[in-house]
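Quick notes on the structure that follows.
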Amino acid sequence: MKIHEYQAKKIFKDYGIPIPEGDVATTPEEVRNIAERIGKRVVVKAQIHAGGRGKGGGVKTADSPEEAEKVAGEIIGMNLVTHQTGPEGKKVKTVLVEEALDIEKELYLGIAIDRAADQEQPVIMASEAGGMEIEEVASKTPEKIIKVGANPVGSFSGFQGRKIAYGLGMNKPVVGKASKIIESLYRLFVEKDASLVEINPLLLTKDGELLALDAKINFDDDGLYRHPEIKELRDVDEEEPLELKASNAGVNYIKLDGNVGCMVNGAGLAMATMDLIKLAGGEPANFLDVGGGASAESIEKAFRILTSDKNVKAILVNIFGGILRCDRVASGVIEAATNMNLTLPMVVRLQGTNVEEGRKLLQESSLKFEVAEGLFEAAEKVVALV
Amino acid sequence: MSILLNEESRIVIQGITGGEGSFHAREAVEFGSKVVAGVTPGKGGTDVDGIPVYNRVIDAVVNEGANASGIYVPAAFAPDAILESIEAGIKLIVCMTEGIPALEMVRVKKALKGTGSYLIGPNCPGITTPGVGKIGFMPNFIHKEGNVGVISRSGTLTYEVINMLTNLGIGQTTSVGIGGDPIVGSTFVDMLELFEADPATDLVAIIGEIGGNAEEEAARFVEEKMTKPLVGFIAGQTAPPGKRMGHAGAIISGGKGTAAEKMKAWGDAGIKVVENPAEIGKAAVSILNS
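Just so you know, the sequences run in chain order A and B.
If you count the first sequence from 1, position 360 lands on 378 in my numbering, and the numbers rise without skipping.
If you count the second sequence from 1, position 135 lands on 151 in my numbering, and the numbers rise without skipping.
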């Protein structure tokens, strides 16, 4: 789960990580008031989940409260397009207004779980190349990234912070401050079940202070059950509406750009089915995993979600019945299609337990299905229908 | 012959009195597995279809000689259940539970280190040795005894592949679903090592997916250590970046973990990679017959 910068900064504050003075606003008037209170040059930052906000025109500085009000009027309500939002962009509802600071140096600090076999633990990453995307730094100049693995079974040790701070070329008074920030960030990562925390840039001011100029925290969805306070920070407006509807219905759905809708049980098979559609010359409209225990009810919900995407011109149902019996799937499909008056052409492929009974049910129903046996045959048949 | 699960395996089911645990314990018994005990704290002294239930794993080890465990408990309790099995000296631990926080798995893996126990999963369909037994929920009817090892990160796609092999007359030594989470107990490399050493296995079918670097690590191992032939498929060639494709571990992040990279790594390592998963069976046949 993702949260906004201003929400992440509130958590930083709770953990003692220094952040610039500022506040959130939803109207230009509020922005002016905050700017007056700060009493110096400010930065107005659009609050959307995507990165690249500055380049898209979602971050602007203002020398006076009047100017802050003016730039806020331009940002609030704008449709902000960045490399991460897709061409449709995101509407800006909230801005963060902060004091502008004198920059001595911009650094990068982040923590993520490294899946490599020799790590399999959180890894603290730091770089002098702050402000840039870390992936870019990693691919172009990997030597500029300092990595320190941290075992969550033990406690954080001082050397871990020093290893990074001295590696970043810091001197005595700043090293202490940096180590404290690194330790706090690590504690936050572990205590809140984060999957990624990033301070990019971590700002070193001309007076030798360190502050988190930006803040990003992603949480492990599987850890949310034990963090109700984090769950509350979810902003559903930032999510694709169909994906939101699907997650509320307990179905794994991701919208894609093609026109062949597919409904599959199991995530691996669902991905493989998308690949097969592409291989057969079509374009998948979605990823949809109905899960292992699909019932008539969940199949109907899944159909409703995938058909509310107006690009869908044909549907492929691909189910491997293990514990879930094919005859049950077939009656679920028939019931759902009848209830919904589904008119889109459809190919149904069933394999596994009670497959004969399932195919018979489909053939005897008044609905028009094409039945396929082989994996690739199913994909070819559905692609021919669009 | 087989890997991990064999004639000596005596299975304890942790969470046997729950809906999933009791259902899959019965299915496993029907398949011929030696399920010798169940564990549910507080239900010790009862039984499920005549299988004795204990409060603690150690009691199942002492009284019934359990040396393998299958875990069907909710995510909040599963890490503890795994640790209990490790502590009781169980050598094969298979955890089906989905939704365990990644940081919990980091801790579990640290505890696993140096114990000599294998953990399969979590968030996996389990392990099956045809003719011997199974732990997990792979459907019983798809398997056949034979000479191919199967390793996969997914569930139903694994069943497809096993079923396809069986329909072509190719049986399996052991099939292992290692799980779809970012941190799993046993990796591709751990399983490849065992299949390479298993005299009954002549070929390995390996099914990967997008996200992480387990496939790349497997490629390195295959190139350096494997003498046996492999066929492979990677799911997610059409998956968009930045989206979690069902499995917590199946996500392309920062441009890393794409299917194209993984297919190339496998191909370069000498694995016969198929673009079309429907052709993995045929690819296996052509290698076995050559």
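Backbone N, C-alpha and C fix where the C-beta goes; we use that ideal spot for every residue, glycine too.
Below-8 Å beta-carbon distance, MET289 of chain A vs any chain B residue: yes
Where PRO256 of chain B meets chain A, residues with beta-carbon distance less than 8 Å: ILE272 and LEU274
Spatial neighbours of ILE199 of chain B in its chain, beta-carbon cut-off 7 Å, leaving aside the 5 residues before and after: ALA118, MET121, VAL122 and LYS125
Within the stretch 231 to 258 of chain A, ranges of the alpha helix (DSSP H) (whole runs, at least 4 residues): 246 to 249
Straight-line Cα distance separating TYR126 of chain A from ASP136 of chain A: 24 Å
Straight-line gap, ARG367 of chain A to ILE268 of chain B (C-alpha atoms, nearest Å): 29 Å
Nearest residue (CA-CA) to GLY279 of chain A, options A:ASP132, A:ILE295 and A:TYR24: A:ILE295
PHE157 of chain B: first and last residue of the uninterrupted alpha helix (DSSP H) it sits in: No alpha helix (DSSP H) holds PHE157 of chain B; DSSP gives it neither H nor E.
Environment of GLY104 of chain A [buried if 16+ CB atoms lie within 10 Å]: exposed
Below-8 Å beta-carbon distance, PRO170 of chain A vs any chain B residue: yes
Cβ-Cβ separation, ALA86 of chain A to VAL60 of chain A (assumed contact under 8 Å), whole Å: 5 Å
Chain-ordered chain B contacts of ASN283 of chain A [CB-CB under 8 Å]: THR172
Beta-carbon neighbours of PRO155 of chain B, restricted to chain A and to distances below 7 Å: GLY340, ILE341, GLY370 and THR371
DSSP three-state assignment for VAL77 of chain A, whether helix, strand or coil: strand
Minimum C-alpha distance to ILE129 of chain A - residue among A:ILE337, A:GLU47 and A:ILE217: A:ILE217
Within-8 Å CB hit, GLU138 of chain A to chain E: Protein chains A and B are contained in the structure displayed, whereas chain E is not.
Rounded Cβ spacing between ALA90 of chain A and PRO46 of chain A (contact assumed at less than 8 Å): 4 Å
Exposed unless 16 or more other CB atoms sit within 10 angstroms - verdict on GLU225 of chain B: buried
Burial state of SER173 of chain A, where buried means 16 or more other Cβ atoms lie within 10 Å: exposed
Residues, ordered as in the chain, of the stretch 181 to 202 of chain B that lie near chain A by beta-carbon distance below 7 Å: GLY196, PRO198 and ILE199
Below-8 Å beta-carbon distance, LYS108 of chain A vs any chain B residue: no
contact_flag[the stretch 313 to 330 of chain A, the stretch 280 to 293 of chain B] where n(CB pairs < 8 Å) is 3 or more: no
Start-to-end residues for the alpha helix (DSSP H) that takes in THR174 of chain B: 172 to 183
LYS158 of chain A burial status per 10 Å Cβ neighbour count (16 or more: buried): exposed
Distance cut-off 7 Å: SER326 of chain A Cβ against heavy atoms of the ligand NAP: By its list of ligands, the structure shown contains no ligand whatsoever, and the ligand NAP lies outside what it can speak to.
Contacts around GLU116 of chain A, its chain only, beta-carbon distance under 6 Å, and the 5 residues preceding and following it disregarded: PRO38, GLY40 and VAL61
Alpha-carbon spacing of ASP284 of chain B relative to SER175 of chain A, whole angstroms: 41 Å
Residues near THR62 of chain B by beta carbon distance below 6 Å, same chain, minus five either side: VAL69
Contact under 8 Å by Cβ, GLY179 of chain A with ALA196 of chain A: yes
Beta-carbon proximity list for ALA91 of chain B, same chain, < 6 Å, skipping 5 on both sides: THR113, GLY115 and ILE116
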